[in-house]
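Participant: Sending over a structure as structure tokens; questions will come in a sec.
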């Protein structure tokens, strides 16, 4: 960690983001353009995200599998919209084992095609349905402008791919997984997301309907944080995924796909971070509690260190770190762990030993107001309660910030103004032309038509025609 | 599952292997030559392997991270032996985003080079050492002859990469990880492996010294099941991994790497499987216990099913499956779960309900001899004990088989004969020429110079010169 101050968020949010990712050692730039290394501290966060999601996937009957990295180019071409959407972003393997390949292989940008091909082999009868498979892995999309976690050539994600007997089941699955992402974001990451439907322009290439969870970052820009797609029979028809129904009739299956990626790490950083650095939500934080011993002499040290170890032993239910570095001061350590976003710090000095207590400092409330003395008896209960309070406080703070930056412009001119520094929530007629005009005039896009609507109807903010739904409009990452 | 019988192991081991992998739905062939799909049942086994290893890695201070899939071609060329070893096996990306790349990118066959490059940026001082990083991921090696799990173009593995201040520390790490693999293989997979050193011919391209765990498969061929390499300063020099020591002198670091892959699934299958199919070691089995309800009428069913659910509830500490399929008979289910290698089957019929007991059938002991009546009281303790017994029995059976097939030939002619149906354990002078002659004459190779040596000395089985170590020689996968 360098001693230099971080850029301030309201002066240069973008540079604040880059600096905090690098200095907290979450990630680093790879020697290949646009790729990243996820360093151990960042990967530990991703592992916690994986566990929280995987638990939810398995609880809803999903199983994991692994499909190949390489996809024959011809597979992508089988679904027309899909190939149009992805072909500008492909990395292509042309040589293997010293020979030019007969057919080039694409490094998967997503796996609908190759999984569709396998499902057509595996699915024969209605008894084989539903198929509920998820995959954790890496994918590659050849992006031009990249940012660590937010947009990288290679990224890590999970992609669920399911097949069902009916449209209704597929739609139910799509919505169930959207809800799973919503609960995960709110309950684990303290990120207040808005679940909704994508416009036709913004939906996944090849989907009938895409759902998304959208979050507001600390600079008010939107981040699409997870998506769930009802693919209808588009891929089933392209890949011949058919089954014999109860009446022995051959039917096309209905499929879905849904994904959440390392981009979500960007959402966590930009939702909760402050001018001191990261602020990690306690349920996902790689280190939930850091213990910092404080002493000024060998004598004090010999009293403090065994006590610190006792305290650590009481906290075995938590992810803790004892910072026993000798070469840096406690003040340096405070700054260091604040930068790294550890939710709770326990300061332990000679007086604490005497009083059999520790000084707890909350990462989310700076200075004295965030400090509490905790008696060592019942420490783990107290610490658990504090971490829950931090989770709740982070969520409330983010939601308050978001709601304060969502506007209800009364005219198109006002809309053009508000999307410069926040979101608009406006009636929209659903016409692609109106959406295109907003984008051209402001670079803002429709983010989602939220599931929760105010009811009633209004006039389209662009053309004034009758509109039955409201939409969020914002600049986005 | 098809009703056809599996090929017999002693008639066609190779075909038995292919059939059992496909029919048990562990894996399937991908539409790309040499690639595989790991299906949910196979991936669940891999997840259990991952957890068992990851726990051990973390307990010895290692952390996980993720390095890029793509490596600039020029990186591979920096370590001479490394590039010679791997260049025939590379998959090469030449195009990205519709453009030809200035420098082709290699899909990683292993990550020493790109990790070495990053370590040279991250490591500055002795205080930064040791670096103990592991990565779970996929790699690609363009193999010509492939087999599901055993040798596939893309495979899944973990690769640990560590950097140390001294040779001794690096050697200690290399040996520690070899020991970790050994303990894992024996204690979790019940696979009796032999830890040892690779000959210079067989070592990793770029290593000073490679260690391996070698296992004997059911057809007596050897399988290299995990490797650990002391890379000395070879990669540190190629990638300028240097640190300031306590005296402020610039020193090259000492590095190691170690890996275990989905190939290990092949080891499990071919060590324990029998003519009925898979036999999974209980501690890694995706399903440890299958419950099969038995009834002949609706009345019996209404007595049996609630009881089955009660039994299932008592076994919540285990990975269980209730097979409540209506369309197949109990007999079909028995065969099906035997094929799939579930270690323990509980048969539950009306009489069992009356007696408040279940009939437990061990997968490893066919027929009556493997059956025990277990009272439902204390069921989970009894079942835990049975699973431990199965683990131990599988290990002993495999060790007995292995030891019965290791020979001590008294002449070179006898060696040539014994390696046709087993292993030789022979004195070897260490000369590469003798090793090459064995390979040419028999297609058998030196597998490892075991850590545990008989002591004393002898005469090289090939040339008759004095020899101080014995080596295992076998045909290998």
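Chains as they are written, first to last, in our numbering: chain A, 786 to 1262; chain Z, 786 to 1262. Just so you know, even glycine gets a beta-carbon here, dropped at the ideal spot from N, CA and C. Values in this document were obtained by computation on a predicted structure and should not be read as measured data.
#1: On the criterion of 16 or more Cβ atoms from any shown chain inside 10 Å, does residue 795 of chain A qualify as buried, or is it exposed?
#2: Residues in the same chain with beta-carbon distance under 8 Å from residue 1184 of chain Z, minus the five sequence neighbours each way, listed in chain order, please.
#3: Using the rule of at least 16 other Cβ atoms within 10 Å of the residue's Cβ for burial, across every protein chain shown, is residue 821 of chain A buried or exposed?
#4: Cα separation between residue 1256 of chain A and residue 1191 of chain A?
#5: Any idea if residue 903 of chain Z is buried or exposed, counting beta-carbon neighbours within 10 angstroms, 16 or more meaning buried?
#6: Checking the sheet assignment: what are the DSSP bridge partners for residue 947 of chain Z?
#7: Let me confirm a value: residue 1047 of chain Z is counted as buried when at least 16 other C-beta atoms fall within 10 Å, else exposed. Which label applies?
#8: Quick check on the DSSP output: the beta strand (DSSP E) that includes residue 1257 of chain Z runs from which residue to which?
#9: Measuring only between beta-carbons, confirm whether residue 925 of chain Z sits less than 8 Å from chain A.
#10: In chain Z, which residues lie less than 8 Å from residue 807 of chain A when you measure between Cβ atoms?
#11: Could you give the distance in angstroms between the alpha-carbon of residue 847 of chain A and the alpha-carbon of residue 1066 of chain Z?
#12: Among all the DSSP beta bridges, which residues are the ones paired with residue 1147 of chain A?
#13: State the start and end residues of the unbroken beta strand (DSSP E) segment that holds residue 1013 of chain A.
#14: Tell me the residue span of the alpha helix (DSSP H) that contains residue 1201 of chain Z.
#15: Whole-angstrom Cβ separation of residue 1051 of chain A and residue 798 of chain A, contact assumed at under 8 Å?
#16: For residue 1225 of chain A, which of A/1260, A/1064 and A/1208 has the nearest alpha-carbon?
#17: Give a yes or no on whether 8 Å exceeds the smallest Cβ distance from residue 893 of chain A to chain Z.
#18: Could you tell me the distance, in whole angstroms, from the CA atom of residue 953 of chain A to the CA atom of residue 961 of chain A?
#19: Would you mind reading off the limits of the beta strand (DSSP E) that contains residue 888 of chain A?
#20: Is the separation between the beta-carbon of residue 1071 of chain A and that of residue 829 of chain A shorter than 8 Å?
#21: If the cut is a Cβ gap below 8 Å, which residues of chain A does residue 822 of chain Z touch?
#22: According to DSSP, is residue 786 of chain Z helix, strand or coil?
#23: Determine the closest residue to residue 1245 of chain Z out of Z/1211, Z/871 and Z/941, with distance taken between C-alpha atoms.
#24: For a contact meaning CB atoms closer than 9 Å, what does residue 890 of chain Z contact in chain D?
#25: Pull up the distance between the alpha-carbon of residue 1207 of chain Z and that of residue 1151 of chain Z, whole angstroms please.
#26: Threshold first: 3 residues or longer. Then list the beta strand (DSSP E) segments lying entirely within the segment 1049 to 1097 of chain A, N to C.
#27: Determine the closest residue to residue 1088 of chain Z out of Z/1141, Z/1075 and Z/1039, with distance taken between C-alpha atoms.
#28: By the 10 Å Cβ neighbour count, where 16 or more other Cβ atoms means buried, how is residue 929 of chain A classified, buried or exposed?
#29: What did DSSP end up calling residue 992 of chain Z once you bin it into helix, strand or coil?
#30: Which two residues bound the contiguous alpha helix (DSSP H) that contains residue 899 of chain A?
#31: Can you tell me which of the three DSSP states residue 962 of chain A falls into?
#32: Does the beta-carbon of residue 920 of chain A have 16 or more other beta-carbons within 10 angstroms, so that it is buried, or is it exposed?
#33: Counting only Cβ-Cβ distances shorter than 9 Å, please list the residues of the segment 1050 to 1077 of chain Z near chain A, keeping chain order.
#34: Considering only C-alpha positions, which residue in the set A/1083, A/958 and A/1177 is nearest to residue 1039 of chain A?
#35: Could you tell me the distance, in whole angstroms, from the CA atom of residue 775 of chain A to the CA atom of residue 926 of chain A?
#36: Below 8 Å, can you find three or more Cβ-Cβ pairs linking the segment 1096 to 1111 of chain Z to the segment 1010 to 1027 of chain Z?
Facilitator: Working from what's here:
#1: Numbered from 1 along the first chain, position 10 holds the residue referred to as residue 795 of chain A. Flag for residue 795 of chain A reads exposed.
#2: By 1-based counting over the second chain, the position of residue 1184 of chain Z is 399. Same-chain partners within the cutoff: 977.
#3: Within the first chain, numbered from 1, the residue matching residue 821 of chain A stands at position 36. Buried, by the Cβ-count rule.
#4: Here residue 1256 of chain A corresponds to residue number 471 of the first chain, with the count starting at 1. Here residue 1191 of chain A corresponds to residue number 406 of the first chain, with the count starting at 1. The alpha-carbon atoms of residue 1256 of chain A and residue 1191 of chain A are separated by roughly 11 Å.
#5: Counted from its first residue, the second chain places residue 903 of chain Z at position 118. By the 10 Å Cβ count, residue 903 of chain Z comes out buried.
#6: Residue mapping note: residue 947 of chain Z aligns to position 162 of the second chain, counting from 1. Looking at the DSSP assignment, residue 947 of chain Z forms a beta bridge with Z/917 and Z/1041.
#7: Along the second chain, one-based indexing puts residue 1047 of chain Z at 262. So residue 1047 of chain Z counts as buried.
#8: Against the second chain, residue 1257 of chain Z aligns to sequence position 472. Element bounds for residue 1257 of chain Z: 1254 to 1259.
#9: Sequence index remark: in the second chain, residue 925 of chain Z carries index 140 (1-based). Yes - at least one Cβ of chain A is within 8 Å of the one on residue 925 of chain Z.
#10: Residue mapping note: residue 807 of chain A aligns to position 22 of the first chain, counting from 1. Within chain Z, no residue comes near residue 807 of chain A; the closest Cβ sits about 11 Å away, beyond 8 Å.
#11: Numbered from its first residue, the first chain carries residue 847 of chain A at position 62. Numbered from its first residue, the second chain carries residue 1066 of chain Z at position 281. Cα to Cα, residue 847 of chain A sits roughly 24 Å from residue 1066 of chain Z.
#12: Position 362 of the first chain holds residue 1147 of chain A. DSSP output for residue 1147 of chain A lists A/1129 as bridge partner(s).
#13: One-based indexing of the first chain puts residue 1013 of chain A at position 228. Its beta strand (DSSP E) spans residues 1007 to 1015.
#14: On the second chain, residue 1201 of chain Z is found 416 positions in, with the first residue counted as 1. Counting along the chain, the alpha helix (DSSP H) containing residue 1201 of chain Z begins and ends at 1197 to 1203.
#15: Here the question's residue 1051 of chain A lines up with position 266 in the first chain. Here the question's residue 798 of chain A lines up with position 13 in the first chain. Incorrect: roughly 12 Å between the Cβ atoms, too far for contact.
#16: The residue labelled residue 1225 of chain A in the question sits at position 440 within the first chain. Per the Cα distances, A/1260.
#17: Here residue 893 of chain A refers to the residue found at position 108 when the first chain is read from its first residue. Residue 893 of chain A does not count as touching chain Z.
#18: Taking the first residue of the first chain as 1, we reach residue 953 of chain A at position 168. Taking the first residue of the first chain as 1, we reach residue 961 of chain A at position 176. Cα to Cα, the separation comes out at about 12 Å.
#19: Counting from 1 along the first chain, the entry for residue 888 of chain A is found at position 103. 884 to 892 is the span of the beta strand (DSSP E), which, as asked, contains residue 888 of chain A.
#20: Position 286 of the first chain, counted from the first residue, corresponds to residue 1071 of chain A. Position 44 of the first chain, counted from the first residue, corresponds to residue 829 of chain A. Going by C-beta atoms, residue 1071 of chain A is nearer than 8 Å to residue 829 of chain A.
#21: Start at 1 with the first residue of the second chain, and residue 822 of chain Z comes out as number 37. Correct list: 850, 851, 852, 853 and 903.
#22: Taking the second chain and counting its residues from 1, one reaches residue 786 of chain Z at position 1. Caution applies to residue 786 of chain Z, whose pLDDT of 49 falls short of 50 and renders its modelled position unreliable; the model cannot decide the point.
#23: Your numbering for residue 1245 of chain Z matches position 460 in the second chain. Considering only alpha carbons, the answer is Z/1211.
#24: Absent from the structure is chain D; the protein chains it does hold are A and Z.
#25: Counting from one through the second chain, the residue named residue 1207 of chain Z turns up at place 422. Counting from one through the second chain, the residue named residue 1151 of chain Z turns up at place 366. Approximately 26 Å between the Cα atoms of the pair.
#26: 1074 to 1078
#27: Reading the second chain from its first residue, position 303 is the one you call residue 1088 of chain Z. Out of Z/1141, Z/1075 and Z/1039, Z/1141 has the C-alpha closest to the C-alpha of residue 1088 of chain Z.
#28: Within the first chain, residue 929 of chain A is the residue found at index 144, counting from 1. So residue 929 of chain A ends up on the exposed side.
#29: Within the second chain, the letter at position 207 stands for residue 992 of chain Z. Three-state result, residue 992 of chain Z: coil.
#30: Residue numbering aside, residue 899 of chain A sits at position 114 when the first chain is read from its first letter. Looking at the DSSP string, the run of the alpha helix (DSSP H) that includes residue 899 of chain A is 897 to 907.
#31: As a working mapping, residue 962 of chain A is identified with position 177 in the first chain. In this structure, residue 962 of chain A counts as helix in the three-state DSSP scheme.
#32: Here residue 920 of chain A refers to the residue found at position 135 of the first chain. Residue 920 of chain A should be labelled buried.
#33: none
#34: Translated into positions along the first chain, residue 1039 of chain A becomes position 254. Residue 1039 of chain A has its Cα closest to that of A/958, out of A/1083, A/958 and A/1177.
#35: The displayed coordinates of chain A run from 786 to 1262. Any statement about residue 775 of chain A would go beyond what the structure contains.
#36: no
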